[in-house]
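Take a look at the structure set out below.
4 protein chains.
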Amino acid sequence: MERMSISVAVSGASGYAGGEVLRLLSTHPDVTIGAIAAHSSAGSRLGEVQPHLHSLADRIIEETSTDNLTGHDVVFLALPHGASAEVAAQLPDDVLVIDAGADHRLEDADTWQRFYGSAHAGTWPYGLPELPGAREALRGARRIAVPGCYPTSALLALTPGFTAGLLQPDDVVIVSASGASGAGKAQKTHLLGSEMMGGMSPYGVGGGHRHTPEIEQGLGWAAGTPVTVSFTPTLAPMARGILTTATARVIAGTTAAQLREAWEAAYDDEPFVTLLPDGQWPATKSVLGSNTAQLQLAFDEHAGRVIISCAIDNLTKGTAGGAVQSMNIALGLPETTGLTGSGVAP
Amino acid sequence: MERMSISVAVSGASGYAGGEVLRLLSTHPDVTIGAIAAHSSAGSRLGEVQPHLHSLADRIIEETSTDNLTGHDVVFLALPHGASAEVAAQLPDDVLVIDAGADHRLEDADTWQRFYGSAHAGTWPYGLPELPGAREALRGARRIAVPGCYPTSALLALTPGFTAGLLQPDDVVIVSASGASGAGKAQKTHLLGSEMMGGMSPYGVGGGHRHTPEIEQGLGWAAGTPVTVSFTPTLAPMARGILTTATARVIAGTTAAQLREAWEAAYDDEPFVTLLPDGQWPATKSVLGSNTAQLQLAFDEHAGRVIISCAIDNLTKGTAGGAVQSMNIALGLPETTGLTGSGVAP
Amino acid sequence: MERMSISVAVSGASGYAGGEVLRLLSTHPDVTIGAIAAHSSAGSRLGEVQPHLHSLADRIIEETSTDNLTGHDVVFLALPHGASAEVAAQLPDDVLVIDAGADHRLEDADTWQRFYGSAHAGTWPYGLPELPGAREALRGARRIAVPGCYPTSALLALTPGFTAGLLQPDDVVIVSASGASGAGKAQKTHLLGSEMMGGMSPYGVGGGHRHTPEIEQGLGWAAGTPVTVSFTPTLAPMARGILTTATARVIAGTTAAQLREAWEAAYDDEPFVTLLPDGQWPATKSVLGSNTAQLQLAFDEHAGRVIISCAIDNLTKGTAGGAVQSMNIALGLPETTGLTGSGVAP
Amino acid sequence: MERMSISVAVSGASGYAGGEVLRLLSTHPDVTIGAIAAHSSAGSRLGEVQPHLHSLADRIIEETSTDNLTGHDVVFLALPHGASAEVAAQLPDDVLVIDAGADHRLEDADTWQRFYGSAHAGTWPYGLPELPGAREALRGARRIAVPGCYPTSALLALTPGFTAGLLQPDDVVIVSASGASGAGKAQKTHLLGSEMMGGMSPYGVGGGHRHTPEIEQGLGWAAGTPVTVSFTPTLAPMARGILTTATARVIAGTTAAQLREAWEAAYDDEPFVTLLPDGQWPATKSVLGSNTAQLQLAFDEHAGRVIISCAIDNLTKGTAGGAVQSMNIALGLPETTGLTGSGVAP
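Protein chains in written order, with the UniProt record's numbering: chain A, 1 to 346; chain B, 1 to 346; chain C, 1 to 346; chain D, 1 to 346.
What follows is the structure in structure tokens.
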């Protein structure tokens, strides 16, 4: 079979998300990597900034500009929020633009403004193919908003229960632990190795994290009614990975079997979501570098809550892997092309 | 001032809890360490088994036996559950016996049997001095049950809100992350460094963890009514520390100021509980090796929940530090003797 | 092009080396994975034992037996030392047997016996293709001894200097830091997460490590004369990776330029060895999960020594990746098939 | 006994070294902590910057100025190199000034200038009491230069062999692994948690590290002749700790027993140096937060080298603990006052 040759540009190539996009694209059989663009590191060898990308080490990072990004079939944007709308506006409509940032995730302009403080850039098809109806919206799409990493884990954890009508929408509690790369390459004291190694701490507690409205939006799609979420993110001493513990009150009369069936029905045919056998629990190590989400659930009848545990790699399934998976769908490629489901463990 | 000289024996000296008891006692100014006892390592130099205890390195570990433990003023038991009742029964009533294990924590014999599967050994005064009324019960006590590490963090997090009548008792959700030492020195594959470093996973999900009834018992004391808890423990890639995220629904009409006042009232005079200034969040690194619990709270009005974050060192405040603090109270020593509130950081 | 379909069996599939072999083979385009065999876990789903290998999770682990291993084109042995000779003897001569264990690495029977204490099983072609002459020996080979992980890093670090005649053979000093997976899945106290996280320690100091004679043997091939090595391995708080610091006295009159040229000449065309640009130093994170060895060197004229730093992933280039690379050569496949040079970072 | 009350000021209190000085002083029974000074964080609560120092949390950080530092019996300087000379010059001669920085360690002005690029500030008594003659020089001293962290470990490792005349001075090789705190609180990309966790890398290879001349100077004192050192530092994924592997060629005819006796003779009476029993190896975890140096040695007769392994906490024995120990000696206090030899482990 003749392979397609899709020309792809990556903007924001010096950050962790951009680096992961490049890592995945560098072994994607249908892709040719065109412009590699960034801002402050423009002019450097990629190998200086992303020393793990050996096959691309001698490529020179270009300035992020419309000129450099045009002429490609696909453009990935891994930019700080607020920056992608302007870039996207200058790219032709038939170019597939995949925004790994937050700009085009939220439907509600007021919510956007309250949490991000800038004007709303509009809403693009949501790149979480496992949500009901998401694949249809992604097929042929030319603009895709990649979900946030926490929302990816939270929505995969809870959506089947809401779709099946088994969960109460008014009191979802989610606590997530994320590796440091989720906070980006920012030079901040609390992200130093000395500060992080050997300890944990929460942040953005009390509803302030920008991913809260995105989680509520996605759960609302499944529930057909607004869902209220208490979300607490914590920073864990690991470079990668998210472990999300999501709990919701169960509609009275629901059985453990019904719960399990709902999740099985949702994920049995999904290539990148694994509902583990009873007794086995997700581990972020098991999905390191892979596009798999591992799930398990338990019904705590005493507390009246279902607890779902979900492990993903925040940079792969939570960002770049989800982005490539969505690209494959949009372009009509087999969905798993260029992606692996196996983690690098131990 | 002439210092007292209290003779202390430690049983279970080869484990992590026993090692931490010895570490703290070795610098306690009023204590003379007598018998150091253990089972499988009896006959070894302590330095082989606990190579960090340099001042005690040449002491020989004795067999755990009534003979070896008698003749001391205080006996610490850091034994597997089910083992301490028998040892304690053979020690005179006027010896202070401090059980760092689970045997004497639960009041309800049926609950004990359901979660531990053996006969109930009775209930001893609960060694968490910061709980209302606890100090009074500890003064002069000759039997003390040291709380579990997770319950220590959960009860310190939530008790002020229940005492003040601001929280609903029927839907508490707690998610905790613990370092590996909380699981003990057991040679199990999932506790290997290869498996733990760089990843997180949950365990005992859905109400099965033995600390759940202990948390519900302690919150019930404060609420004056049964409290229902959904508790999910997770294993984090660090040797020590617990970060607990505890949330409860707030009674309608409660304000953020009322919440903060309740916690301030409870802890302003406590030497080992620090309610952090607004905007600062607990970190397990900040309490490493110290007897401090760091707390912060936020009121998520949108979700109707208060979220309390609590960081402790599972082996210090969560086990051996709490035990020494309780010993000090029982013996009439200043409560902070031999304990430091400062963590070893970064 | 029609892809070949090579049937492969893996013995020792429950360990870390066996798991990594399976991870790499599961995405190798020319391979069909046949028997997956192990000993104590025979009968289990692979997903229980290697939860990161999602595509193989439902495969059942078979008993390691001649019956189960026969009928394949290639058999990988990831067994404890001393076990592979017997298995290999029962497999036909035209089956490619790749021994990831130590049994067939050493040429000298006396040395074998002194370090391993059992009878010498013979010597097989050495699976480190980057050594001079190694590829020729591997082409068409039907028995391959995969090098030890430390020797892989040490020989890649030092061989070019000895080949070029620039180094003195009598005083090589090597200090390596290895992640925990190098010690295998053994349930030993010092390998527990509690013991390893946050700390480092040496082991096998003073010439006792079994990889010392293997390093001396390989350097002797390059030098054409016996080479004496002081080798100290240390255990670092990470799951994977080896960072080797290798130093040798430089022959008088040698210049920094000559040294650099020797290493460039050796590795400029190698697909899996990267001599970094001046000023950039290897990092084990940059090669995590990849088959790349990163190298850098510095000439310390004051001390008269060249220092070479080499970073590999002990399980990939140091074990399973080197094994697959050697298999590719033996079978006449493109050498890089099924292997990636990019690490999973950060 | 009436305790002395020594007034102490700490400058550079916002960094890791300054924080560790404060941690140790806060439990030193003879010390009253006066001014706590820093530069960019002046005006903040100490609890914001050093959240682990609970007993000092409400102290306000003052500006580093002569005014603020005067009027104390002791002043600790934990400043960037080049900054302490000027401060010290303005303090009275009878104030004990302890410089935790590099400015006053080197005797040779040319060497200073070559490695640090600024004018030499002079040489102060060297605060490593375990070196021959060092205690005498420290008694009554009013200016003390605290050794670098790497030199502390390297000099403790090798000095006994040189003092005893058993080692060749011309080919010492040292490889050290340090935790991240050794690099300070600098906001640099390579020190981020994402970059450090799970990986190792070298730096300053080939003689460039500023601690190389300091190590050579100290070994030269012991050998009575210049000693040449090849020193390679590496960065390990831990917050604290240094593991040094030091090797030297042994003078022909030296026996293993002679070597062991030399180290025993040097350290048997030292309160803070532990030569471990045969078969036990140092671990940085065993000395975390403690002032102990753990040592072990092996004679590799085959290679003609002795290998000494030394584990310290870079911030305690390697900086602040050594500083307090030296202060105790200078002021005539018992040398171990306010210092613990026990590590916080696991």
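Positions of the beta carbon are idealized from the N, C-alpha and C atoms, including for glycine.
DSSP places Ala298 of chain A in the strand class (E or B) of the three-state scheme. With its beta carbon less than 8 Å from one in chain B, Val344 of chain D belongs to the interface. Under the DSSP definition of a beta bridge, Pro92 of chain D lacks any partner.
Identification of residues in the region 13–27 of chain A having a C-beta nearer than 7 Å to some C-beta of chain C yields Tyr16, Arg23, Ser26 and Thr27, given in sequence order. Taking a contact to require three or more Cβ pairs closer than 8 Å, the region 200–214 of chain B and the region 251–268 of chain B do not qualify as touching. Shortest Cα-Cα distance from Pro151 of chain D to any of D:Val31, D:Pro169, D:Ala246 and D:Lys188 involves D:Ala246. Closer than 8 Å to the CB of Ser11 of chain B there is not a single CB belonging to chain A.
Annotation: Gly253 of chain B has no Cβ neighbours in chain A at a cutoff of 7 Å; minimum Cβ distance is about 18 Å. Its Cα nearest to that of His72 of chain C, the residue C:Val95 stands out among C:Ala177, C:Ala85 and C:Val95. Here DSSP, grouped into helix, strand and coil, assigns Phe76 of chain C to strand. Listed along chain C, the residues sitting closer than 9 Å to Ser309 of chain D by beta-carbon distance are Ser201, Pro202, Val205, Thr232 and Thr234. Thr247 of chain C reaches chain D at Val173 and Ser230, counting residues in chain order whose Cβ is nearer than 7 Å.
Cβ atoms of Asn314 of chain A and Arg240 of chain A come within 8 Å of each other, at about 6 Å. The beta carbon of Ser44 of chain A lies closer than 6 Å to those of Ile61 in the same chain, with the five residues before and after it left out. Put simply, the CB of Ser181 of chain C is far from chain D, with every gap to its CB atoms at 8 Å or more. Straight through space, the alpha carbons of Cys149 of chain A and Ala141 of chain B are spaced by roughly 51 Å.
For secondary structure counted as the alpha helix (DSSP H) over 4 or more consecutive residues, the region 172–220 of chain A holds these complete runs in sequence order: 193–196.
It is roughly 14 Å from the alpha-carbon of Gly19 of chain C to the alpha-carbon of Val287 of chain A.
For Glu195 of chain D, the nearest beta carbon of chain C is closer than 8 Å to its own beta carbon. Within chain A, the residues whose beta carbon sits less than 7 Å from that of Thr340 of chain C are Thr27, listed in sequence order.
Taken through DSSP and simplified to helix, strand or coil, Ala145 of chain C comes out as strand. Here Asp269 of chain D is not bridged, per DSSP, to any residue. From the listed residues A:Glu63, A:Thr336 and A:Asp93, the smallest Cα separation to Leu79 of chain A is found for A:Glu63. Non-local C-beta neighbours of Ala266 of chain D in its own chain, meaning closer than 6 Å and more than five positions away in sequence, comprise Pro160, ordered along the chain. Here Gly34 of chain D carries a strand assignment [DSSP, helix/strand/coil]. Note on geometry: alpha-carbon atoms of Thr336 of chain D and Gly15 of chain A lie some 48 Å from one another. Residue-level contact by beta carbon fails for Ala223 of chain C and chain B, as no gap is shorter than 8 Å. When the Cα atoms are used, Gly321 of chain A and Leu339 of chain A turn out to be separated by approximately 7 Å. Within 8 Å of the CB of Gln280 of chain A, the CB atoms of chain C belong to Gly47, Glu48 and Pro51, in sequence order along the chain. Put simply, the region 102–116 of chain D touches the region 213–230 of chain D. At least three CB pairs are less than 8 Å apart. Taking a contact to require three or more Cβ pairs closer than 8 Å, the region 26–45 of chain B and the region 318–332 of chain A do not qualify as touching. Ile251 of chain C sits in coil when the DSSP states are folded into three classes, being neither helix nor strand. If you draw a 10 Å sphere on the C-beta of Lys188 of chain C, you find fewer than 16 other C-beta atoms in it, and that means exposed.
One alpha carbon belongs to Ser55 of chain B, the other to Leu259 of chain C, and they sit about 50 Å apart. The shortest C-alpha to C-alpha distance from Glu195 of chain C to any of C:Ala236, C:Pro169 and C:Gly207 is the one to C:Ala236.
Pairing Lys285 of chain B with Ser342 of chain B, the inter-Cα distance amounts to about 10 Å.
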